[in-house]
Amino acid sequence: MAIELDIKKLEGLQPVLVKNNPAAHSNLYIETYGCQMNVADSEVVVSILNGEGFNLTENYKEADLILINTCSIRDNAEQRIFNRLNEFKALKKQKKGLLVGIIGCMAERLKENLLEKEKLVDLVVGPDAYRDLPKLVKEAEGGQRAINVLLSREETYAEISPVRLDKNGVSSFVSIMRGCDNMCAFCVVPFTRGRERSRKPETILNEIRELLDNSYKEVTLLGQNVDKYNWNEGEVSFAKLLEMTAQLSPQLRVRFSTSYPQDMTDEVLHTIAKYPNICKYIHLPVQSGSSEILDKMKRGYTREWYMDRISAIKRIIPDCAISSDFITGFCGETEQDHQQTLSLMDWVGFEFAYMFKYSERPNTYAARKLPDDVPEEIKSRRLDEIIELQHKLSHISNKKDLGKTFEVLIEGVSKKSDDRLFGRNSQNKVVVFNKKDNQIGDYVMVKVNDCTSATLHGEIVE
Ligand code: SAM
């Protein structure tokens, strides 16, 4: 069974920094699917509509406007969203005037088809058109077809102060760039999110200062390929932006996602090593361990190049945890290619991985030129094998932490016991430990005394 951890439904999140608009006349309910970028985008959308008289509700039955922020990355992500739209269709019959809108990647990919298909939605808004939402909502209220799916070369929503939708008030996503120019053969992102563009650094730092003022302790800088962050033709690189962020406060933890093997420089690695508050964790998607498949995927690097980047991480940041993404059963993948993926996983010893079966996406290079020729049962078997290996690798990595003491940022109360808290260490591992007089948002030192493949367990030490 596939582990689809990046297709999370973040339904009914408790807003933390909602500026309740006293002049609000309507309720907005928003559901977010897919990647962290979508979470950050939903926060921008809520901010835009908050200023236009919409207050956020956690109960979709109270909503006047329901928005679904969508993901197109794999076919099953889209199917889940169609099922949800059908549920809302029933609600629309009961509640006159209720508007349902689809925003984000599926809106961009399917455009007017969504308005036409069984009249499931009233408005369709792509990822670069959120500033137009107030106008589009009015058009939809007037019974018009409301759609804007224009992609932009400039839009970064730079100065919009997002309304935080996270539950804990401790860690937040901050978007530093939009779009992707990589054109990997399998990937729909360049079609749904447009060209790469970087956000002005001052606006990023101001957003983080506002988070610090509101007691946040951790930010994750987001982009499809953060290593390509580039403001004003080299004036501010990703390494520089990381450094400027880390210098805002030693109390602030800095994370980032996603790095790209071809573009990740030693300068970035040295910056991570230099600042204790830049977390020692890198998500570096490899997709396959076979150079032939990487070539077909148009990833722009080989197995050897990837291994060189891993060696550089281990040399420059010895305590760094590394995770990755894998696609099994890409076009033409042989048993030997698959074995190469397994051997690369073993060689690196990843702490964690997101693993997927290849899903052909319309209009991508692979859909146009390469037959999706690995049978479903072989894709599933290979996926099972990499999941099993990853469990073993995660467990091995966690066992190495037994007896070590880590600084942990407390994020909440453990699901399994009210007497225990959880947080993450710099390496992004979840640590569960005994409760003392500490609050969510505190840093504590925890000594690890037990583990599973997913979690470290320990006790607070003074
Ligand atoms: N920008 C990142 C990169 O490629 O380096 C990742 C972006 S994507 C939102 C997250 C992951 O989804 C990818 O790394 C890949 O493993 C997976 N993915 C993307 N397209 C896919 C497809 N057509 N079928 C299966 N998995 C896919």
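In my numbering, the protein residues as written are 142 to 603. The C-beta atom is built at its ideal place from N, Cα and C for all residues, glycine as well. Values in this document were obtained by computation on a predicted structure and should not be read as measured data.
Any idea what DSSP makes of M247, helix, strand or coil? Helix at M247.
Suppose contacts are defined by Cβ-Cβ distances below 8 angstroms. Is T469 in contact with R502 by that definition?
No, Cβ-Cβ distance for T469 and R502 is not below 8 angstroms.
- request: Check E517 in the structure and name its three-state DSSP category.
  value: Looking at E517 - three-state DSSP - the assignment turns out to be helix.
Pair within 8 angstroms by beta-carbon distance, L363 and I301: The answer is no: Cβ separation not under 8 angstroms.
Next on the checklist: With a threshold of 6 angstroms on Cβ separation, who are the neighbours of E224 within its own chain once the five nearest residues in sequence on each side are excluded?
Outcome noted: Correcting the residue identity first, residue 224 is Asn in this sequence and not Glu. Contacts found: none.
Open item on the list: Under 7 angstroms: does the beta carbon of N504 sit that close to some heavy atom of the ligand SAM?
Closed with: No, the ligand SAM has no heavy atom inside 7 angstroms of this Cβ.
Exercise. Do you know offhand how far K421's Cα is from K415's?
Worked result: For K421 and K415, the distance between alpha carbons rounds to 11 angstroms.
Check your understanding: At which residues does the alpha helix (DSSP H) containing F332 begin and terminate?
Key -> Residues 330 to 334.
First and last residue of the alpha helix (DSSP H) that includes I189? Its alpha helix (DSSP H) spans residues 177 to 191.
With DSSP as the reference, please indicate the residues paired to G242 in a beta bridge. Secondary-structure assignment with DSSP links G242 through a beta bridge to L208, L264.
According to the neighbour-count rule (16 or more other Cβ atoms, all chains shown, within 10 Å of its Cβ), is N355 buried or exposed?
-> N355 is exposed by the Cβ-count criterion.
Worksheet entry | Member of I209, G283, Y271 whose CA lies at the smallest distance from the CA of L255 | Considering only alpha carbons, the answer is I209.
| field | Environment of G544 [buried if 16+ CB atoms lie within 10 Å] | value | Counting the other CB atoms within 10 Å of its CB gives G544 a total below 16, which places it among the exposed residues.
**Q.** R456, DSSP secondary structure in three states
**A.** Of the three classes helix, strand and coil, the one that applies to R456 here is helix, per DSSP.
Exercise for review: Below 8 angstroms on the Cβ atoms is my guess for M586 versus E548; work out the distance and round it to an integer in Å.
Suggested key: Contact holds; Cβ gap of about 6 angstroms.
- D591 burial status per 10 Å Cβ neighbour count (16 or more: buried): With fewer than 16 Cβ atoms within 10 Å of its Cβ, D591 is classed as exposed.
message = Could you check whether the Cβ of N366 sits closer than 7 angstroms to any heavy atom belonging to the ligand SAM?
response = The closest heavy atom of the ligand SAM lies less than 7 angstroms from the beta carbon of N366.
Same chain only: Cβ atoms within 7 angstroms of F491, ignoring 5 sequence neighbours per side:
If the five residues before and after F491 are omitted, its C-beta is found closer than 7 angstroms to the C-beta atoms of I463, S464, S465, Q531, L534, all from its own chain and listed in chain order.
**Item:** Under 8 angstroms between C-beta atoms of I288 and V315
**Value:** Not closer than 8 angstroms, so no.
Report task. Could you tell me which residues DSSP puts in a beta bridge with T546? Result -> Note: T546 is bridge-paired with K588 in the DSSP secondary-structure output.
| request: Would you mind working out which of N569, S555, P512, C325 sits nearest F397, comparing C-alpha positions? | output: Per the Cα distances, N569.
Measuring only from the beta carbon, is P426 closer than 7 angstroms to any heavy atom that is part of the ligand SAM? Relative to the ligand SAM, the beta carbon of P426 is positioned inside 7 angstroms of a heavy atom.
ask   = Alpha carbon to alpha carbon, what distance is there between I413 and M438?
value = Rounded to the nearest whole angstrom, the C-alpha separation of M438 and I413 is 29 angstroms.
- Task: On a CA-only basis, which of G192, P516, D449, I434 is nearest L404? Give me that one, please.
- Result: Sequence check: residue 404 is Asp here, not Leu. Nearest of G192, P516, D449, I434 to D404, Cα basis: D449.
query: Hey, is C328 close to the ligand SAM, as in C-beta under 7 angstroms from one of its heavy atoms?
result: Inclusion of C328 in the 7 angstroms shell around the ligand SAM follows from its C-beta lying nearer than that to a non-hydrogen atom of the ligand.
Output needed for L190: all residues of its chain with C-beta closer than 8 angstroms, excluding positions within five of it in sequence on either side, in chain order. Answer for L190: L169, L206, L274, P275, V278, listed in chain order.
### Message
Does the distance between the C-beta of Y401 and the nearest non-hydrogen atom of the ligand SAM fall short of 7 angstroms?
### Response
Y401: yes, Cβ under 7 angstroms from the ligand SAM.
- Please report the residue range of the alpha helix (DSSP H) in which Y442 lies. No alpha helix (DSSP H) holds Y442; DSSP gives it neither H nor E.
**Message:** Looking only at its chain, what residues have a beta carbon closer than 6 angstroms to the beta carbon of Y499, apart from the 5 residues adjacent to it on each side?
**Reply:** Same-chain partners within the cutoff: I468, G470, F471.
Q.
Can you tell me whether A507 is helix, strand or coil according to DSSP?
A. The answer is helix: DSSP assigns A507 an H, G or I state.
Exercise. Which value, in whole angstroms, describes the spacing of the CA atoms of H598 and V554?
Worked result: Those two C-alpha atoms are separated by around 14 angstroms.
query: Which term fits A218, buried or exposed, when burial requires 16 or more other beta carbons within 10 angstroms of its beta carbon?
result: The residue in question, A218, is buried, as its Cβ has 16 or more Cβ neighbours within 10 Å.
How close, in whole Å, do the beta carbons of L485 and E526 come, if the pair is a contact with beta carbons under 8 angstroms? That pair is no contact at about 13 angstroms.
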